[in-house]
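Sequence lines, in order, name chains A and B. All residue numbers for the first sequence refer to numbering that gives the first Met the number 0, where the first residue is 0 and numbers rise by one. All residue numbers for the second sequence refer to numbering that gives the first Met the number 0, where the first residue is 0 and numbers rise by one. First comes the structure, then the notes that go with it.
Number of protein chains: 2
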Amino acid sequence: MLRPMNSRLFTFSGGGVGEWLVTEQRPVVGEPLPLVSRLRVTSGEASVVSDAVWQLCGVTSNQRYVTRAEQSELSLKQQAIGRTSCNRAALIPIRKNESWWALPQDERNAIIANSRHIPIGLRYLPAIARRLHHCRDIAQAAPFDFLTWFDYTEADARAFEELVGALRESEEWRFVDREVDLRLAR
Amino acid sequence: MLRPMNSRLFTFSGGGVGEWLVTEQRPVVGEPLPLVSRLRVTSGEASVVSDAVWQLCGVTSNQRYVTRAEQSELSLKQQAIGRTSCNRAALIPIRKNESWWALPQDERNAIIANSRHIPIGLRYLPAIARRLHHCRDIAQAAPFDFLTWFDYTEADARAFEELVGALRESEEWRFVDREVDLRLAR
């Protein structure tokens, strides 16, 4: 049964084609992904890039930990991904371990709050735009739980390093058991 | 690219075949589903029931609103779906409106708590077993956000009516814009 796709679906296809040139690719923790030279990002359609080395799919979704106050601040400051001025991007797929997923909502929420995940991101708005894709609950088996896609200008590349560095030092990141970091330019 | 399926995927196929006989089917709010006489429930596999009138897929996932205290009580009392003594079941697919999904986590959490969703369910354990499947974030377009599957004995059929009646009177249910109710026997 061929179905129409979720309108919030995005597919990241790594291979030899695509608008984004991969400038760095490294495993941060756990198993690496095969190296690729280019990345194609597609929206809403079934994933049919025949020459892809790998394809990662995820859907944007509702907030899981954001409070009303944070949501108001985010909506004032954040800009949508895809600004023409942004010639730098990062794709950071992560997976969290089973201990994380077995925690009740109140305890996951406390860890995210204690890790200052949302305030850290807010500090770099609007320079660094972010779009989060969820993959844990798609119908197909997926190697990661989340794909985060960022874009920014070359001038903000150092700020981006600060942002990911701060997150990786947090309590939340102790639950990350697979992470790959790709940096891109166009 | 043919992918293996999520191990938490379940597919409910309505049609003329399946282990469950549909004894009642009615739309509670919003558009109905085409009437079917039987239901087949499959796990983990791609949905390929060629004679199905409709197929609904969802994945079991982490808790979104449960506290540590509630989780402890649930794990003490709840039993897994599929008890051989249970010859009655219900499938209740629901969709929530865009206002619900736009709310931040703290406000959705407060509505669920105020609606006593989890305490109401706890009251009927272990008699009424429940398995929740999420469909909003699968890669394919899905007509519902959640599929809830219950099983119980004929002796607990009246208790089941009380349970769904209490939930439908809650503040949470004001956000439900599509709901279908199927009752089944085997």
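Where is the CB? At the ideal position from N, CA and C, for every residue including glycine.
For residue i, the nearest candidate out of the options (CA to CA)
i        : options                                   : result
B:Glu44  : A:Leu55, A:Phe159 and A:Gln139            : A:Gln139
A:Gly17  : A:Val35, A:Gln24, A:Arg25 and A:Pro26     : A:Val35
B:Phe143 : B:Arg87, B:Tyr151 and B:Cys134            : B:Cys134
A:Ala51  : A:Val21, A:Ser12 and A:Leu121             : A:Ser12
B:Glu153 : B:Ser6, B:Arg185 and B:Thr66              : B:Arg185
A:Arg37  : A:Leu20, A:Val28, A:Glu30 and A:Ala88     : A:Leu20
B:Arg2   : A:Asn86, A:Ala141 and A:Trp100            : A:Ala141
B:Ala126 : B:Ala101, B:Ser49, B:Ala158 and B:Trp100  : B:Ala158
A:Thr10  : A:His132, A:Glu160, A:Ala156 and A:Leu181 : A:His132
A:Cys85  : A:Glu160, A:Asn5, A:Tyr151 and A:Met4     : A:Tyr151
B:Gly29  : B:Gly81, B:Ser71 and B:Pro92              : B:Pro92
Whether residue i touches residue j by CB criterion (8 Å)
i        : j        : result
B:Leu90  : B:Trp148 : yes
A:Ile111 : A:Glu168 : no
B:Asp105 : A:Ile137 : no
A:Gln78  : A:Ala128 : yes
A:Ile117 : A:Leu162 : no
B:Leu166 : B:Leu121 : no
B:Pro103 : A:Val27  : no
A:Thr41  : A:Arg7   : no
A:Leu181 : A:Gln24  : yes
Buried or exposed by the 16-neighbour rule on C-beta atoms within 10 Å, applied to residue i
i        : result
A:Ser114 : buried
A:Gly57  : buried
A:Gly14  : buried
A:Glu69  : buried
A:Thr83  : exposed
A:Thr22  : exposed
A:Leu183 : buried
B:Leu75  : exposed
B:Arg87  : buried
A:Arg107 : buried
A:Met0   : Any reading at A:Met0 must be qualified, since the residue scores a pLDDT of 46, below 50, and its modelled position is unreliable; the value itself is stated next. Looking at its Cβ environment, which holds fewer than 16 other Cβ atoms inside 10 Å, A:Met0 is exposed.
A:Pro31  : exposed
Identity of the residues DSSP links to residue i by a beta bridge
i        : result
B:Leu38  : B:Gly13 and B:Trp19
B:Gly81  : Bridge partners of B:Gly81: none, in fact.
A:Lys76  : Answer is none; A:Lys76 lacks a bridge partner.
A:Thr147 : A:Ile91 and A:Leu131
A:Gly120 : A:Gly120 pairs with nothing; no bridge assigned.
B:Gly57  : B:Phe9
beta-carbon residue i near the ligand ZN non-hydrogen atom, thresh 7 Å
i       : result
A:Gly57 : Ligands displayed in this structure: none; no statement on the ligand ZN is therefore possible.
Discussion item. Pairs of beta-carbons, one from the segment 176-184 of chain A and one from the segment 93-105 of chain A, closer than 8 Å: are there three or more?
Written reply: yes
Worksheet entry | Within 8 Å of chain D by C-beta, residues of the segment 145-160 of chain A in sequence order | Of the protein chains in this structure, namely A and B, none is chain D.
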